[in-house]
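Residue numbers (the working numbering): 81 to 501. Just so you know, even glycine gets a beta-carbon here, dropped at the ideal spot from N, CA and C. See below for the structure under consideration.
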Amino acid sequence: MHVSVIGTGYVGSVTGAGLAELGNIVTFVDIDQEKLAQIRCGKAPIIEPGLEEIIRKNIAHIKTTTSIDIAVNETDVTFICVGTPSNSNGSIDLRYIKSVSEQLGQTLKNKKKYHTVIVKSSILPSTTDTIVIPLIEKKSGKRAGESFGICSNPEFLREGSAVFDFFHPERIIVGCHDEKTRRQIKKLYSSFACTKMFTDIRTAEMIKYASNAFLATKVSFANEIGNICKKLCIDSYEVFKGVGMDNRINPHFLRSGVGFGGSCFPKDVNALIRQAQDLGEKPRILSSVITTNDRQPEKMYSLLKKHVSVKGKTIGLLGLSFKPGTDDIRESRAIPLIKKLQKAGANIVAYDPVAMTNLQELIPDIRYAESPVSVLQSDAILIITEWEEFEHLDYSGKIVIDGRRVEKARNEAKVYEGVCW
Ligand code: NAD
């Protein structure tokens, strides 16, 4: 099939490269010329294991353009993979979705052939049928289900293993507007053996938000129990090892610590809270998930202060990405901690194997170390991301406050505090 992908970030680049690997011809569209230039050179526009290899391997079947018009006219199917960030009040910022929907409408106005639009960006339930479809219909003068097809196909990939997740999805959720779209999606995804759940558009959109909200709830629950464990000198990791043995619970997303970050959990839970409030609901559980998460970096900071007077001291940060395996620093727990440390007058030195360039753009006024070894010279060390290489450092004689449970630090440090253990 000829497929176009609008937005070549974490979701778009992996989806497009994966579809090319499956034998499709793929046209990538972005407003960011640099990302497109990287793809043209056979490079990955983001750091993600295995991505560069499949882009390079399939380069003959990959095109790039900044024009939605060109991309739509030379393809049968278009994925929308643009970002849906948060507004300052936590509500969802739909400016990229709206802009792309309008451009798609303008293009479809003159396209003779039937075209299918697949919304992969995370958008709140009811957004496709109240915003995306009306905008495309208005600009094209055509009707959904007649001249063009549309569906919601939320993405569940995990950064750090996104390419693996593309080829081994646990389930594919598709909310279809019409039967023709459903047939086309079945064909496009025919090589995947997993369960494919077909439903209506709103349900598919809600499945994405309910999934992220539930996983974020598990983490905040583990942190709340972990905070109690800390006070009682109980190891929360032992506790959740036992808890996770229950099949009804399972061991995933029960790692207590400095909290969750990333481009999805905080923004999606906040957006759902706002939508619920607009609908007259009081989503108490979801609000607590965010409050608990926001408190975890403060817990870490309090533990640091127990051992070091921060002002004028050098505090080292190990890890800046929101989790290992990615250079994504969106909502990383390093950010509130750095801000707190800066306010308190600390000298900060930070190291991350891949995320320093990204953080430097956001926070230029701290020292970025070339190796973790210079971070170890600090008066105290905060572990923010559990990169595997941090399990091989020498922590002896050090003061370590650990937000992620690095066993070597736990066994070796002179002073060691786990956030929840
Ligand atoms: P991203 O910010 O990494 O990438 C978005 C891309 O869209 C950028 O390259 C941007 O330049 C491009 N873009 C914006 N406006 C455009 C336009 N008008 N035309 C062409 N390109 C345009 O975002 P992401 O992390 O890939 O997330 C995309 C969506 O997928 C979001 O809704 C997100 O919530 C959802 N999602 C993300 C993940 C994840 O792990 N990152 C997982 C599941 C779902």
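| With ASP188 and VAL152 assumed to form a contact (beta carbons below 8 Å), what rounded beta-carbon distance in angstroms separates them? | Here the sequence assigns Leu to residue 188, which means Asp is not the residue at that position. 7 Å between Cβ atoms; contact.
Discussion item. Which of the three DSSP states is assigned to THR279 in this structure?
Written reply: strand
- Grouping DSSP H, G and I as helix and E and B as strand, with all else coil, what is ILE287? helix
Does VAL453 pass the burial test, meaning 16 or more other C-beta atoms within 10 Å, or should it be called exposed?
exposed
Is the beta carbon of SER316 less than 8 Å from the beta carbon of TRP501?
-> yes
| Alpha carbon of ILE86 to alpha carbon of THR145, nearest angstrom | 10 Å
Can you give, in chain order, each stretch of the beta strand (DSSP E) that sits fully within the segment 376–439 and has at least 3 residues?
394–398, 427–431
(request) Please find out if some non-hydrogen atom of the ligand NAD comes closer than 7 Å to the beta-carbon of GLY163. (result) yes
Q) Is SER93 helix, strand or coil when you go by DSSP? A) helix
Check: Are the Cβ atoms of PHE159 and THR95 separated by less than 8 Å?
Finding: yes
For this session: Return helix, strand or coil for ALA124, following the three-state DSSP convention.
Result: coil
Cβ of CYS231 within 7 Å of any heavy atom in the ligand NAD? no
**Prompt:** Residues in its own chain within less than 6 Å of SER181 by CB, not counting five upstream and five downstream?
**Reply:** VAL212, LEU215, ILE216
* **Start-to-end residues for the alpha helix (DSSP H) that takes in THR88** => Where THR88 is concerned, there is no enclosing alpha helix (DSSP H), given that its DSSP letter is neither H nor E.
The ligand GTP and TYR448: does the residue's C-beta get closer than 7 Å to at least one heavy atom of that ligand? In the structure shown, the ligand GTP is absent; the only ligands present are the ligand NAD.
For ASP156 and ILE198, the rounded distance between their alpha carbons: 11 Å
**Asked** SER403: beta carbon under 7 Å from a heavy atom of the ligand NAD?
**Response** In the sequence as presented, Ser is not what sits at residue 403; that position holds Lys. It does not: the Cβ of LYS403 is nowhere closer than 7 Å to a heavy atom of the ligand NAD.
Check your understanding: What span of residues does the alpha helix (DSSP H) with VAL349 cover, start to end?
Key -> 345–358
Comparing C-alpha positions only, which one of THR465, PHE236, ARG375 sits nearest to ILE409? THR465
Report task. With DSSP as the reference, label VAL157 as helix, strand or coil. Result -> strand
Roughly how many angstroms lie between the CA atoms of ASP482 and LEU462, to the nearest whole one? 6 Å
query: I think ARG251 touches THR283, with their Cβ atoms under 8 Å apart; what is that distance to the nearest whole Å?
result: Actually they do not touch by this definition, with Cβ atoms about 13 Å apart.
Handout entry: Helix, strand or coil at PHE108 according to DSSP, with G and I counted as helix
Key = strand
Discussion item. Would the segment 101–109 count as touching the segment 131–149 if we require 3 or more Cβ pairs under 8 Å?
Written reply: yes
Check the DSSP bridge columns for CYS256 and list the partner residues they point to. CYS231
According to DSSP, simplified to helix, strand and coil, what is THR146? coil
Quiz item: Going straight from the alpha carbon of GLY122 to that of ILE365, what length do you get?
Solution: 45 Å
### Query
Considering only residues of the same chain and omitting the five flanking positions on each side of LYS219, which have a CB-CB separation below 7 Å?
GLU182, GLY185, GLN186, LYS189
- Task: Assign ASP482 to one of three DSSP states: helix, strand, or coil.
- Result: strand
When you compare only the Cα positions, how much space is there between ASP209 and ASP149? 23 Å
Discussion item. Could you compute how far the alpha carbon of ILE230 sits from the alpha carbon of VAL455?
Written reply: 51 Å
With distances taken between CB atoms, is the gap from ILE428 to ILE415 smaller than 8 Å? no
Going along the chain, which unbroken runs of the beta strand (DSSP E) with 3 or more residues stay wholly within the segment 198–245?
228–232
Next item on the list: Give every residue of the same chain whose Cβ lies closer than 6 Å to the Cβ of ASP459, excluding the five residues on either side of it in the sequence, and list them in chain order.
Entry: VAL388, LYS393, THR394
8 Å contact criterion, which ALA124 and SER93 should meet: CB distance rounded = 7 Å
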